[in-house]
Each structure stands twice: as structure tokens, then as C-alpha cells.
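Enquirer: Can you read through this structure? Questions will come right after.
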Amino acid sequence: MVTEKNQQNFELKQVINQPYKYGFNTDIESENFPKGINKSIIELISLKKNENSFLKNFRLEAYEKWKTMKFPNWSNLDIKSINFDEISYYSVPKQKKKLASLEEVDPEIIKTFEKLGISLSEQKKLSNVAIDAVFDSISITTTFKEKLGKAGVIFCSISDAIRDFPELIEKFLGKVVSPSDNFFAALNSAVFSDGSFCYIPQNTLCPLELSTYFRINDKDSGQFERTLIIAEKNSSVSYLEGCTAPKYSQTQLHAAIVELLAFENAQIKYSTVQNWYSGDNLGVGGIYNFVTKRGICLGNNSNISWTQVETGSAITWKYPSCVLLGENSLGEFYSVALTNNYQQADTGTKMIHLGKFSKSKIISKGISCGASKNIYRGLVKIASTALFCRNFSQCDSFLLGSSSTASTFPYLESTNPTSIIEHEAKISKVSDEQLFYLMQRGIKNDQAISLLISGFCKDVFTMLPMEFAAEADNLLSLKLEGTVG
Amino acid sequence: MTLKIKNLEASIENKIILNHLNLEIKDNEIHVIMGPNGSGKSTLSKIIAGHPAYKVNDGEIYFNEKNLLELAPEMRAHEGIFLAFQYPLEIPGVTNFDFLRLAYNQKQNYEGKNEVTPIEFMSLIEKKSKELEIPMEFLNRDLNQGFSGGEKKRNEILQMVLLQPKLIILDELDSGLDIDAMKIICHAILNNFSKNSSLLIITHYPRILNYLKPNYVHIMKEGKIIRTGSLELIEQLEQSGYQSVL
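Shown next as C-alpha cells:
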């Protein structure tokens, strides 16, 4: 009995401990700033990027705020102290001049993205997905620019947007997540290097799925990207981001900001497949993924929907949130977080109901393996003026490792009696009986576990854009696949 | 294909459940095991199929000259052992269709044949479902999730018909089944029963034996088979209860 149990644990371990596939680094020359952060570094970033005085002041003010702020310590996470003077805040693959077309991109970088399964050559790639690829600090290329341009959609790197659409940037940058929002938001606002920008004009359904692929390559650099998406009245867009990084033994910081604005009747669907390097099986190295993501449903009947599949990073600490200002607006959050070895994830959402008849829905699935920590933390807040609101939350945890933990911290605040909040939570383990049933039908142990997990995550996977639902399922299976064969 | 169980002793948490049990089932035979609650009938079926919770202390189980005790549950399944569960498990989020195709393709792989595509599988499963009067929408539901007792049992036999096993073990198939469903299911079992297959029925109630006529009737008590006979043994049992035969 005891030995059989051990045998099964052993198999489980094999199943879960798939090595990280994207851990290679690309040997290219890059231009790095000296490590550390100070006023002149920030001025240098701004200068390098030819920014106007609005941006320069935005950065400097954020830096001044950041200096007054303290590293947050309210979480349950075990975070090694970060020396902010050891980080390089700007890393750019060395290029002689501004790139006009894909042909001018260093073939090594193109190869890197191809190794990752992201083909940047337009003719070869996914037929209806436009991709912006960000390598370390800078956006390499945005595909399908022309086709989008015809529809009036702007999809470019945020650096290009700062140069080409300064009025939009001044109007919207930092309006959802203000630079003083939190420690990492202030840091990002001071040093952000690149990211993506989307603008969907009125009465426009974006004709393509938009996608950004983030890659950290350089050893000492942090990645501080910024994404801003604006959906005007009666418009709709679906956006997906993917992330990987090489294996390095020291931890690396990734502190991004994502801001979404949805006007009347507009819809933004934001999906993330996060597979940053998670550290080795003893918990050495990996990415600290400390991200502030927030959307605001400004207009009536607007909708913001977050879907995330979080499988990587040593620590994931983020709460993609919705501020539901418009009447009858809808906020959604669908999440799968898989943690293994010594990974820690503290993730969830905030749904702030300010508009009448606003609704929100939260589906969170946590899978904990090894000695990992997997935490759902979510806030549902209904203001006194927000009459007749509804929220439904469901938080399910699945324990695979005997020393892993799963916790749920729901914060529910309602100040009016006409609104309804529902919260369901459950924790389950792989049931021996379910496994035996599947194996009795000829399905191998590791496949049976993958099948159970994929079933557990189905509600979330079905929310991903079709092109990526299968990819997410594969990624999860890959993370769970046996190391043998 | 012969199943040979010799001198089998098995336990769970140090409690002996099977106590030096012997049983031999040959091709084209139908056996039934009856016995009071707790006599170890269901345990026997799980041990043949390789349930990891039970420990075999002594004895052997051979099937088709292969030592089953050395094989993992999925390999026993590939050898042709099929257990229709008394309480089929619910698997949320996994559609019946995906599960059935996965199970079928595992068998194809094992036999060195090509996997079937979803479209090919659709026509295959449609035919099998008709045989059991299972509506197609059944296949889009999550495996056994929210199925009625009868639907679960019907789904078990759909799996059996699909996988064409050599030794079919029915663990309390009749519980939760109405007469009409029982007729359909038993008909499908017999239709798929061949010269190369055998059947082991585990039941409390002789009702099912009106449809599946056994060649051998075994009575089990305290982990061993204490009597073996023909259908007459059932009649005696029905008239006078277990006390008369024990």
C-alpha cells in the first residue's frame, strides 16, 4: 500500500516536472544602460526615445513618487529583496537605425521568435492575428499594420504611438493606472521602455485578433512594458499577450502596466498566456511578474473581459481589474494559474461596481503542484450608488503536490441592499477513483491527469480566442507531460 | 483467452478481503458471482482490473497466459479486461465524446493501428450509440456528469461495445436500471459477446440473469467462493435465501 502510493507520487512528479522549453538565450549585441536608477537614467531613456516634454515630465514625476514609496509587504508571498540598483532599465538589441521593415531586423531575433513558435514573416503566420513582438525593451515589428490601417485601427508599439499620436497618449496614458497607484506602477511609469498601443475608432469591429509577444533576453535587464488599449463607442477588439524568457539563475523583474478603456457599447477582450521562466526545481532564478492591469468600463453597456493562463514566473503577483462606471456595464475575469516546484502565485481580480445595473463574473482555477503556493485574492466592491448590481464568483483549486498549498481570499464589500454577490469556492485533489476509472479504459496515468486538469480548466479555456485555446491546453499538458519519451 | 485466479489473497489497510480465492473463466462462458453484502465480490472485480488501493498478498491472476499482477491498469485494459463500474465516475469538463475517442485511440495505438480523427470517430460512435438507443446529444455532455443512474450504466456499456474487450466484468449492472433499459443493455452485451469473449457478472439480484444466462453460478462468502453450481443454484437461492446455500 505504502509503496504503491509512493510509486504514484513518483509518477505524478514525473508528469509535472517537464523542463522549461523556452529557456535558451539569443546571442546578440545589445545596448544596455548602466545598471541602476536615477534621474539621469530616466532622462536618458526619454532622450533615446526622442520623447516630448509631456512624456519626460510624466516619467520624472513618477520617479519622484516612486522614491517616496515603500516596497509593498502585505502579501503572503515570500519575496527575496530586490536591489533596484542592480537592474538595467533599458536594453535594446543594437540596431544602427530605426527599422522600416522586417528585412532589417536582426535575423537572430527573427530566429528567436521562430523558435518560440511566433513567425514574424507575415505570409507565414496565423492568418488572422496581427503580432507586435517586444524583445527586451523594444518593439521589433508589428505585422499586418496596413490591413488594420484600412479599418482605422491603430496597432503599434507604444513608442511609435508616443511619436505619432501624442494627443491620444496625453489624453489617456496613466488615466486608468495613475503613476502613484502603487510601487511597481510608479516604477514602470518612470522607466517603461516599450509595449503595445491599440486604438479602435467608433463603430469599428477590429478585423484581426491583436497579439503582442514579450521576450526578455538580456540577463540583467528588467522588462517594464506598457500596454494601452482604447475602444471607442460601439467598437470591439480582442487582444492577446504571450510571454517567455531564458533561464538565468538570478531572478529578473517584470513590472508591466496594462490600461484598458471601453466607451459606450464597446467591448475589450484581453487574454494572456504567461509562461515566463519560473526558476529551477529548487526555486533558483525565474521572473518576478509584478504587473498592474486595470480596465475601466466608462460607457454604458461596455464590457471588459480578462482571460489569463498563468503557468510561468517564480512569483506572479497581479490582479487584472475592472472599474465598472458605465450603467449596465460588464466586467469578467477568467483565470487558470498553474504553479509547480517553488513557484508562488497571488492573483485574482478587483471588480469595482460604480454604475447601476453593472455586472461582474469571476471564474478562477488554481492548480498547485510540488511545493508551490497558489493564492486567489479578489475584491468585489459595490458602491452605495450602484443599485441593482450583480456579481458571481467561483474559485476552484486543484491540489496535485502533497506539499503545495491553495488559498482563497475573497473580499466582498457591498453598501447597498439591492445588489447581489455570490461566491463559491472549492478545493479538490486528484481522485484515485477517477484516475483508476480512466486507466481502466486504457488511458495512461499522465494522460489521465492531463485530461482531468484540462477538464478542470475548460470554463476558462473556452474564453480564449479560438487560435489560442488549443495552444493553452497544449501548454498545460506540456507542463504536466511525463519527462520520459 | 482464459482467466485463471489461483489462491488469491488480497487486503486493504491490513484487512483481508479476498481469502485464497480460486476462479477460472474460459472463452464464451458466462459466470455469475453472488453473495451477501461485504463478501468481497466488488473487490474481486477491482483487483482483476488493477485498482491501486488493494494489496495482493498471495496467489496469482493470469489472463491469456499473461501475469496480470505485473501489469498497470491501462495495460490490463489493453489486454482485454473491461470493468463496467457499479458507480461510474463523473469527470467534469471532459466531454463524453472526447473521452470515448481518447480511449478508443489508446487501443488503436496499442494494437499498432492509426488513430481515428474526430470525423471518423463520429460515424463509428453514432452506430454504436444507436445500438444502445443513446441520443447523440449524450456525447456532448461531460462524462457521466449529471447522468441518471440508468444513463451512467448505458454509457458504461457504450464503452464496452466500443472497446470490444475479451473479459467483460459487470459490477452490479442492474442497480439503477429499469426493465426496458436492462433489456436494451443486455441485448447489446449479447450482440457483442463472441466466441472469444467471456463474461463475469457480479450481482445481488438474479433479475439480470433472465437476460444473461450464466453457465456457472458461484456463491461468495468472506472472501472466497464457497459453492459453484448451475442455474438451479439460483432457484434455490431465490426460494430460501443465502442461508440455505451457505
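Here the protein sequences line up with chains A and B, keeping their order.
Residue 230 in my numbering sits at position 183 of the first sequence, and the numbers go up by one each step.
Residue 1222 in my numbering sits at position 81 of the second sequence, and the numbers go up by one each step.
Quick reminder that beta carbons are idealized off the backbone N, C-alpha and C, glycines included.
Entirely within the stretch 1237 to 1320 of chain B and at least 3 residues each: give me those beta strand (DSSP E) ranges in chain order.
Expert: 1308 to 1312
Enquirer: Express the C-alpha separation of A/Ile334 and A/Gln536 in angstroms, rounding to a whole number.
Expert: Residue 536 of chain A cannot be examined here, being either before or after the span of chain A that is shown, 48 to 532.
Enquirer: For a quick check, are the C-beta atoms of B/Ile1158 and B/Met1361 less than 9 Å apart?
Expert: Residue 1158 of chain B sits at position 17 when you count from the first residue of the second sequence. Residue 1361 of chain B sits at position 220 when you count from the first residue of the second sequence. Against a cut-off of 9 Å, the Cβ pair of B/Met1361 and B/Ile1158 comes out as no contact.
Enquirer: At what residues does the alpha helix (DSSP H) containing B/Met1216 begin and finish?
Expert: Indexing the second sequence from 1 puts residue 1216 of chain B at position 75. Pro1214 to Glu1220 is the extent of the alpha helix (DSSP H) around B/Met1216.
Enquirer: Name, please, each residue of chain A whose Cβ falls closer than 7 Å to the Cβ of B/Leu1230.
Expert: Along the second sequence, one-based indexing puts residue 1230 of chain B at 89. Residues of chain A passing the Cβ test: Glu480, Gln481 and Tyr484.
Enquirer: Tell me the DSSP secondary structure of A/Thr319 in three-state form.
Expert: Indexing the first sequence from 1 puts residue 319 of chain A at position 272. Look at A/Thr319 here: in three-state DSSP terms it is strand.
Enquirer: In the structure shown, what three-state DSSP assignment does A/Arg106 receive?
Expert: Taking the first sequence and counting its residues from 1, one reaches residue 106 of chain A at position 59. Note: A/Arg106 maps to helix in three-state DSSP.
Enquirer: Please list, in chain order, the residues of the stretch 1313 to 1342 of chain B that have any C-beta partner in chain A closer than 7 Å.
Expert: none
Enquirer: Please state whether DSSP places A/Leu434 in a helix, a strand or coil.
Expert: Reading the first sequence from its first residue, position 387 is the one you call residue 434 of chain A. The answer is coil: DSSP assigns A/Leu434 none of H, G, I, E or B.
Enquirer: The stretch 484 to 509 of chain A: which residues have C-beta closer than 8 Å to a C-beta of chain B, in chain order?
Expert: Tyr484, Leu485, Met486, Gln487, Arg488, Gly489, Ile490, Lys491, Asn492, Gln494, Leu498, Leu499, Ser501, Gly502, Phe503, Cys504, Lys505 and Asp506
Enquirer: Output needed for A/Thr354: all residues of its chain with C-beta closer than 6 Å, excluding positions within five of it in sequence on either side, in chain order.
Expert: The residue labelled residue 354 of chain A in the question sits at position 307 within the first sequence. Ser318, Tyr381, Met510 and Leu511.
Enquirer: Closer than 9 Å, Cβ to any Cβ of chain D: which residues of the stretch 1182 to 1196 of chain B, in chain order?
Expert: Note that chain D does not occur in the displayed structure, where the protein chains are A and B.
Enquirer: Consider the Cβ of A/Ala516: report whether some Cβ of chain B lies at a distance smaller than 9 Å.
Expert: Taking the first residue of the first sequence as 1, we reach residue 516 of chain A at position 469. A/Ala516 does not count as touching chain B.
Enquirer: Please report the residue range of the beta strand (DSSP E) in which A/Asn312 lies.
Expert: Here residue 312 of chain A is taken as the residue at index 265 of the first sequence, counted from 1. Taken as a continuous stretch (DSSP letters only), A/Asn312 belongs to no beta strand (DSSP E), as it is neither H nor E.
Enquirer: Would you mind stating whether A/Asp443 and A/Lys473 have Cβ atoms separated by less than 9 Å?
Expert: If you number the first sequence from 1, residue 443 of chain A lands on position 396. If you number the first sequence from 1, residue 473 of chain A lands on position 426. In this structure, A/Lys473 lies closer than 9 Å to A/Asp443 by Cβ.
Enquirer: Taking the continuous beta strand (DSSP E) assigned at B/Ser1339, which residues delimit it?
Expert: Start at 1 with the first residue of the second sequence, and residue 1339 of chain B comes out as number 198. B/Ser1339 -> beta strand (DSSP E) spans Ser1339 to Ile1343.
Enquirer: Between B/Val1235 and chain A, is the shortest Cβ-Cβ distance under 9 Å, so that the two count as touching?
Expert: Here residue 1235 of chain B corresponds to residue number 94 of the second sequence, with the count starting at 1. It does: the Cβ of B/Val1235 has a partner Cβ on chain A nearer than 9 Å.
Enquirer: Across the stretch 477 to 497 of chain A and the stretch 1247 to 1261 of chain B, are there enough close Cβ pairs to call them in contact, namely three or more that are closer than 8 Å?
Expert: The answer is yes - the stretch 1247 to 1261 of chain B touches the stretch 477 to 497 of chain A, with three or more Cβ pairs under 8 Å.
Enquirer: May I ask which residues mark the beginning and end of the beta strand (DSSP E) holding B/Met1142?
Expert: Numbered from 1 along the second sequence, position 1 holds the residue referred to as residue 1142 of chain B. Run containing B/Met1142: none; DSSP gives neither H nor E here.
Enquirer: Once the 5 residues before and after B/Ile1310 are set aside, which same chain residues still bring their CB inside 6 Å of it?
Expert: By 1-based counting over the second sequence, the position of residue 1310 of chain B is 169. Ser1186, Leu1224 and Leu1341, listed in sequence order.
Enquirer: Identify the residues that DSSP records as bridge partners of A/Leu252: which are they?
Expert: As a position in the first sequence, residue 252 of chain A is number 205, starting the count at 1. A/Leu252 is bridged to A/Ser283.
Enquirer: For B/Gln1227, would you say it is in contact with chain A, using Cβ-to-Cβ distances shorter than 9 Å as the test?
Expert: The sequence position of residue 1227 of chain B within the second sequence is 86, counting from 1. It does not; no Cβ of chain A falls within 9 Å.
Enquirer: On a CA-only basis, which of A/Asn130, A/Leu308 and A/Ala361 is nearest A/Asn328? Give me that one, please.
Expert: For the purposes of this step, residue 328 of chain A is taken as residue 281 along the first sequence, with counting starting at 1. Selected option, being the one with the closest Cα: A/Ala361.
Enquirer: Less than 8 Å separating the Cβ of B/Ile1189 from some heavy atom of the ligand ADP?
Expert: With respect to the ligand ADP, the structure offers nothing, as it holds no ligand at all.
Enquirer: Would you tell me roughly how many angstroms separate the C-alpha atoms of A/Ala433 and A/Glu374, rounded to the nearest one?
Expert: Along the first sequence, one-based indexing puts residue 433 of chain A at 386. Along the first sequence, one-based indexing puts residue 374 of chain A at 327. Their backbone Cα atoms lie some 9 Å apart in a straight line.
Enquirer: Comparing alpha-carbon positions, which option in A/Ala198, A/Phe202 and A/Ser478 lies nearest A/Ile277?
Expert: Stepping through the first sequence from its first residue, residue 277 of chain A is reached at position 230. Of the listed residues, the one whose Cα sits closest to A/Ile277 is A/Phe202.
Enquirer: On the three-state DSSP scale, how would you describe A/Ser360?
Expert: Mapped onto the first sequence, residue 360 of chain A falls at position 313. Residue state, collapsed to three classes: coil.
Enquirer: Closer than 8 Å, Cβ to Cβ, to anything on chain A: give me those residues from the stretch 1245 to 1278 of chain B, in chain order.
Expert: Gln1247, Lys1248 and Tyr1251
Enquirer: Could you check the C-alpha separation between A/Ser325 and A/Ser419 for me, to the nearest Å?
Expert: Taking the first residue of the first sequence as 1, we reach residue 325 of chain A at position 278. Taking the first residue of the first sequence as 1, we reach residue 419 of chain A at position 372. For A/Ser325 and A/Ser419, the distance between alpha carbons rounds to 11 Å.
Enquirer: From the DSSP output, which residues share a beta bridge with A/Thr274?
Expert: The count along the first sequence starts at 1 and reaches residue 274 of chain A at position 227. Note: A/Thr274 sits in a beta bridge opposite A/Val305.
Enquirer: DSSP puts B/Asp1199 in a beta bridge; with which residues?
Expert: For the purposes of this step, residue 1199 of chain B is identified with residue 58 of the second sequence, where counting begins at 1. In the DSSP output, where bridge partners are listed per residue, B/Asp1199 has B/Glu1150.
Enquirer: Suppose contacts are defined by Cβ-Cβ distances below 9 Å. Is A/Cys369 in contact with A/Ser407 by that definition?
Expert: As a first step, residue 369 of chain A must be located in the first sequence, where it is residue number 322. As a first step, residue 407 of chain A must be located in the first sequence, where it is residue number 360. In this structure, A/Ser407 lies closer than 9 Å to A/Cys369 by Cβ.
Enquirer: Which residues share a DSSP beta bridge with A/Thr354?
Expert: Within the first sequence, residue 354 of chain A is the residue found at index 307, counting from 1. Its beta-bridge partners are A/Ser318 and A/Tyr381.
Enquirer: List, in chain order, every chain A residue whose beta-carbon is nearer than 9 Å to that of B/Gln1305.
Expert: Taking the second sequence and counting its residues from 1, one reaches residue 1305 of chain B at position 164. Ordered by position in chain A, no residue passes the 9 Å Cβ test against B/Gln1305, which lies about 12 Å from the chain.
Enquirer: Strictly below 7 Å CB to CB, what residues from chain A border B/Gln1380?
Expert: In the second sequence, counting from the first residue as 1, residue 1380 of chain B sits at position 239. Within 7 Å Cβ-Cβ: nothing; B/Gln1380 doesn't reach chain A, min ~37 Å.
Enquirer: Just to confirm the assignment, what range does the alpha helix (DSSP H) spanning B/Thr1184 have?
Expert: Numbered from 1 along the second sequence, position 43 holds the residue referred to as residue 1184 of chain B. Note, B/Thr1184: alpha helix (DSSP H), Lys1182 to Ala1190.
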